[in-house]
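Position 137 of the sequence shown, counting from 1, maps to 983 under the working numbering, and the rest follow consecutively. Glycine included, every Cβ here is placed at the ideal spot set by N, Cα and C. Notes follow once the structure below has been shown.
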Amino acid sequence: MKILIIEDNARVSVLLKRGLESQGYQIYISEDAEDTLVLADRIAFGLIITDIMLPQMNGIEFSKIIRQKHPDLPIIMLTALGTIDEKIEGFDAGADDYMVKPFEIRELYARIKAVLLRKSSLPKKKSSRILFSIISW
């Protein structure tokens, strides 16, 4: 599975890349959410992990746009912002989960598995088209 990580801290990016690759994921890293919007349209990612405090466009705005364009794409916010209001803002923007830095990598693995399991077990959207049939007796 392809995971997109949007993180402007190189040390955190390397930690995430190494850790998630060891779990069998294919990792793409970007430092800029705005540039990543194009990438997300070209590559079929299974999950996005994004920081909030990013250059150009923050992770909240990015998540709102991605949620509009790709409503079923799971998003985990991984950020230093940890107040209740900040977490609620993240969920309101479309995050499926929210983790505060510093973090334990094993907890991130567990959260990724949980988010992916929830997304895969959701029923597929049914067509909004309704067919009518007239039956006569």
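- The beta carbons of Ser-909 and Ala-886 sit about 11 Å from each other, so the pair does not count as a contact at 8 Å.
- Where Leu-861 is concerned, the enclosing alpha helix (DSSP H) starts and stops at 856–868.
- By the criterion of at least three beta-carbon pairs nearer than 8 Å, the region 924–943 is in contact with the region 896–908.
- Contact between Leu-919 and Phe-891 holds, since their C-beta atoms are separated by about 6 Å, short of 8 Å.
- No Cβ-Cβ contact shorter than 7 Å links Ile-849 with Ile-875.
- Excluding residues up to 5 positions away in sequence, Ala-886 lie with their Cβ nearer than 8 Å to the Cβ of His-916 in the same chain.
- Following the DSSP letters along the chain, one finds Tyr-944 in no alpha helix (DSSP H) but inside the beta strand (DSSP E) bounded by residues 943–946.
- Within the same chain, and ignoring the five residues on either side of Ile-906 in sequence, the residues whose Cβ sits closer than 7 Å to its Cβ are Ile-898, Glu-935, Gly-936 and Ala-939.
- In the DSSP assignment, Thr-925 falls within the beta strand (DSSP E) that extends over 921–925.
- DSSP, reduced to helix, strand and coil, places Leu-885 within a helical segment of the structure shown.
- When DSSP reads this structure, Lys-848 sits in a beta bridge with Gln-872.
- Sorting Leu-866, Ile-912, Gly-865 and Phe-949 by C-alpha distance to the C-alpha of Val-884 places Ile-912 at the top.
- The bridge partners DSSP lists for Ile-894 are Leu-850 and Ile-921.
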